[in-house]
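**Student:** I have a structure I would like to understand better, so I am pasting it below and will then ask my questions one at a time.
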Amino acid sequence: MLGAIAGDIIGSVYEGYSIKTKDFPLFSRQCRFTDDTVLTVAVADVILSSDELPQISKYIDQFKWYYRRYQYAGYGRNFSNWAKSNSNQPYNSFGNGAAMRVSPIGFAFSDLKTVLQQAKCSAVVTHNHPEGIKGAQATASAIFLARTGHDKAEIKSYIHNTFNYNLDQTLDQIRPNYQYDATCPGSVPPAIIAFLESTSFEDAIRNAISLGGDSDTIACIAGAIAQAYYGGVPKAIAEQALSQLNDHLHTITEKFMYKYCV
Numbered sequence: 013m014l015g016a017i018a019g020d021i022i023g024s025v026y027e028g029y030s031i032k033t034k035d036f037p038l039f040s041r042q043c044r045f046t047d048d049t050v051l052t053v054a055v056a057d058v059i060l061s062s063d064e065l066p067q068i069s070k071y072i073d074q075f076k077w078y079y080r081r082y083q084y085a086g087y088g089r090n091f092s093n094w095a096k097s098n099s100n101q102p103y104n105s106f107g108n109g110a111a112m113r114v115s116p117i118g119f120a121f122s123d124l125k126t127v128l129q130q131a132k133c134s135a136v137v138t139h140n141h142p143e144g145i146k147g148a149q150a151t152a153s154a155i156f157l158a159r160t161g162h163d164k165a166e167i168k169s170y171i172h173n174t175f176n177y178n179l180d181q182t183l184d185q186i187r188p189n190y191q192y193d194a195t196c197p198g199s200v201p202p203a204i205i206a207f208l209e210s211t212s213f214e215d216a217i218r219n220a221i222s223l224g225g226d227s228d229t230i231a232c233i234a235g236a237i238a239q240a241y242y243g244g245v246p247k248a249i250a251e252q253a254l255s256q257l258n259d260h261l262h263t264i265t266e267k268f269m270y271k272y273c274v
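The numbering used here runs 12 ahead of the 1-based position in the sequence shown.
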């Protein structure tokens, strides 16, 4: 999950400001964590605090609690309205919020069936549209396959055959005309391609941000898969990302990493 957090923080300064290049500083004074990180940690917290498989009600409680504690992290309007309301009903979203927060599930569970079930469980709390669920499941399963020794061709084949995502375009083909798209169909496949074309964790992040658009979320998704595939986050990047977190987010992240990602 630290790969997701690093991608979010690095991409935060480029969201909506398409740079269309891989040549940029990874961290700057303006870098910060956003709702991608907050809700990723919320999912990790759900897993850490559950003795059995988490239920939907647990995700609801934690998402609303984290929203109250971190109200200014840059949430989408629909999520904010849901989190502030007394209703627990989902709002049929297929936005990429379901995919951006799912990475802990790909790391925590030992079989693909459970990963898919928990990815759906975490998504339908808010994103109960089929495309929202699909985006979360595709991201989580890519992470699971990457960390369990599958190569890129196998990951690509599984995602294409299971979720019908087109992963045949190259970044060079996507980049020139790619624009801001906060939906799962519009951001999850490009994020996966950014990973597939990468040569290292850092390269995956640079690939993702070079596309432009919703840079922090695309880098968040690509970074999570890259962490799983490349066996971790480089020390310098990990330390810089962790230094951006407050004590609470840092503690949950460290606990989760120690239990599931070492």
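Where is the CB? At the ideal position from N, CA and C, for every residue including glycine.
Among Gly107, Ser61 and Tyr84, which has the Cα closest to the Cα of glutamine 74?
**Tutor:** Numbered from 1 along the sequence shown, position 62 holds the residue referred to as residue 74. The option with the nearest alpha carbon to glutamine 74 is Ser61.
**Student:** Pull the bridge partners of glycine 107 from the DSSP assignment, please.
**Tutor:** Mapped onto the sequence shown, residue 107 falls at position 95. Per DSSP, Thr195.
**Student:** Assuming glutamate 239 and phenylalanine 213 make a contact with CB atoms under 8 Å, what is their CB distance in whole Å?
**Tutor:** The count along the sequence shown starts at 1 and reaches residue 239 at position 227. The count along the sequence shown starts at 1 and reaches residue 213 at position 201. Contrary to the premise, residue 239 reads as glutamine rather than glutamate in this sequence. So it is a contact: roughly 6 Å between Cβ atoms.
**Student:** So, under 8 Å CB-CB, isoleucine 117 and alanine 152 are touching, yes? Tell me the CB distance rounded to an integer number of Å.
**Tutor:** One-based indexing of the sequence shown puts residue 117 at position 105. One-based indexing of the sequence shown puts residue 152 at position 140. Rounded, the Cβ-Cβ distance is 5 Å, consistent with contact.
**Student:** Does DSSP put tyrosine 177 in a helix, a strand or coil?
**Tutor:** On the sequence shown, residue 177 is found 165 positions in, with the first residue counted as 1. The answer is coil: DSSP assigns tyrosine 177 none of H, G, I, E or B.
**Student:** Suppose you measure from the CA of lysine 34 to the CA of leucine 254; what does that come to, to the nearest Å?
**Tutor:** Counting from one through the sequence shown, the residue named residue 34 turns up at place 22. Counting from one through the sequence shown, the residue named residue 254 turns up at place 242. So the two alpha carbons sit approximately 23 Å from each other.
**Student:** Alpha carbon to alpha carbon, how far is leucine 51 from isoleucine 264? Give it in angstroms, no decimals.
**Tutor:** To locate residue 264, count along the sequence shown from 1; it is residue 252. To locate residue 51, count along the sequence shown from 1; it is residue 39. If I take the Cα positions, the gap works out to 12 Å.
**Student:** Can you give the Cα-Cα distance for cysteine 196 and aspartate 228, rounded to whole angstroms?
**Tutor:** Within the sequence shown, numbered from 1, the residue matching residue 196 stands at position 184. Within the sequence shown, numbered from 1, the residue matching residue 228 stands at position 216. For cysteine 196 and aspartate 228, the gap between their C-alpha atoms comes out near 14 Å.
**Student:** Are at least three pairs of beta-carbons, each pair with one atom in the region 137 to 153 and one in the region 105 to 116, less than 8 Å apart?
**Tutor:** yes
**Student:** Between glutamine 276 and the rest of its own chain, which residues show a CB-CB distance below 8 Å, the 5 nearest in sequence each way excluded?
**Tutor:** Nothing about residue 276 can be reported from this structure: the residues present for the chain run from 13 to 274 only.
**Student:** DSSP three-state call for glutamate 209: helix, strand or coil?
**Tutor:** Residue numbering aside, residue 209 sits at position 197 when the sequence shown is read from its first letter. Secondary structure of glutamate 209 (DSSP, three-state): coil.
**Student:** Only counting the same chain, and skipping five residues up and downstream in sequence, which positions put a Cβ closer than 7 Å to that of valine 2?
**Tutor:** Outside the shown range of the chain (13 to 274) lies residue 2, about which nothing can therefore be said.
**Student:** Quick check: the Cα distance between tryptophan 94 and proline 102, rounded to an integer number of angstroms?
**Tutor:** Counting from one through the sequence shown, the residue named residue 94 turns up at place 82. Counting from one through the sequence shown, the residue named residue 102 turns up at place 90. Spanning the two alpha carbons is a distance of roughly 8 Å.
**Student:** Would leucine 183 pass as a contact of asparagine 219 if the rule is Cβ separation under 8 Å?
**Tutor:** Looking up residue 183 in the sequence shown gives position 171. Looking up residue 219 in the sequence shown gives position 207. In this structure, asparagine 219 lies closer than 8 Å to leucine 183 by Cβ.
**Student:** Is it true that the CB of alanine 231 sits closer than 8 Å to the CB of isoleucine 217?
**Tutor:** Reading the sequence shown from its first residue, position 205 is the one you call residue 217. Reading the sequence shown from its first residue, position 219 is the one you call residue 231. Cβ atoms of isoleucine 217 and alanine 231: closer than 8 Å.
**Student:** Under a three-way DSSP split, which group does phenylalanine 36 fall into?
**Tutor:** On the sequence shown, residue 36 is found 24 positions in, with the first residue counted as 1. If DSSP states are grouped into helix, strand and coil, phenylalanine 36 belongs with coil.
**Student:** Could you tell me which uninterrupted alpha helix (DSSP H) segments, each at least 4 residues in length, are contained entirely in the region 104 to 155, listed from first to last along the chain?
**Tutor:** The region 104 to 155 contains these whole alpha helix (DSSP H) runs: 109 to 112, 115 to 120 and 124 to 136.
**Student:** Using a 10 Å radius around the Cβ and a threshold of 16 neighbouring Cβ atoms, would you call tyrosine 270 buried or exposed?
**Tutor:** Along the sequence shown, one-based indexing puts residue 270 at 258. When all chains shown are included, tyrosine 270 counts as exposed.
**Student:** Relative to the C-alpha of tyrosine 79, which candidate in Asp63, Asp47 and Glu209 has its C-alpha closest?
**Tutor:** The residue you call residue 79 lines up with position 67 of the sequence shown. Residue Asp47 is the option with its Cα nearest to tyrosine 79.
**Student:** Looking only at its own chain, which residues have a Cβ that is under 7 Å from the Cβ of tyrosine 242, when we skip the five neighbours before and after it?
**Tutor:** Position 230 of the sequence shown, counted from the start, is the residue given in the question as residue 242. So the qualifying residues of the chain are Ser212 and Phe213.
**Student:** Only counting the same chain, and skipping five residues up and downstream in sequence, which positions put a Cβ closer than 7 Å to that of arginine 44?
**Tutor:** As a position in the sequence shown, residue 44 is number 32, starting the count at 1. Closer than 7 Å at the Cβ level, and outside the excluded window around arginine 44, lie Ile21, Ser24 and Gln256.
**Student:** Give the DSSP-derived three-state secondary structure of histidine 162 in the structure shown.
**Tutor:** Locating residue 162 in the sequence shown gives position 150, counting from the first residue. Coil.
**Student:** Going by DSSP in three states, arginine 89 sits in which element: helix, strand or coil?
**Tutor:** As a working mapping, residue 89 is identified with position 77 in the sequence shown. Arginine 89: helix per DSSP, three-state reduction.
**Student:** In this structure, does DSSP put phenylalanine 45 in helix, strand or coil?
**Tutor:** Locating residue 45 in the sequence shown gives position 33, where the first residue counts as 1. In this structure, phenylalanine 45 counts as coil in the three-state DSSP scheme.
**Student:** Would you give the residue range spanned by the alpha helix (DSSP H) that glutamine 74 belongs to?
**Tutor:** Within the sequence shown, the letter at position 62 stands for residue 74. Looking at the DSSP string, the run of the alpha helix (DSSP H) that includes glutamine 74 is 68 to 81.
**Student:** Does the beta-carbon of glutamine 130 have 16 or more other beta-carbons within 10 angstroms, so that it is buried, or is it exposed?
**Tutor:** Sequence index remark: in the sequence shown, residue 130 carries index 118 (1-based). It is buried - the Cβ of glutamine 130 has at least 16 other Cβ atoms within 10 Å.
**Student:** Less than 8 Å separating the beta-carbons of methionine 13 and serine 115?
**Tutor:** For the purposes of this step, residue 13 is taken as the residue at position 1 of the sequence shown. For the purposes of this step, residue 115 is taken as the residue at position 103 of the sequence shown. Against a cut-off of 8 Å, the Cβ pair of serine 115 and methionine 13 comes out as a contact.
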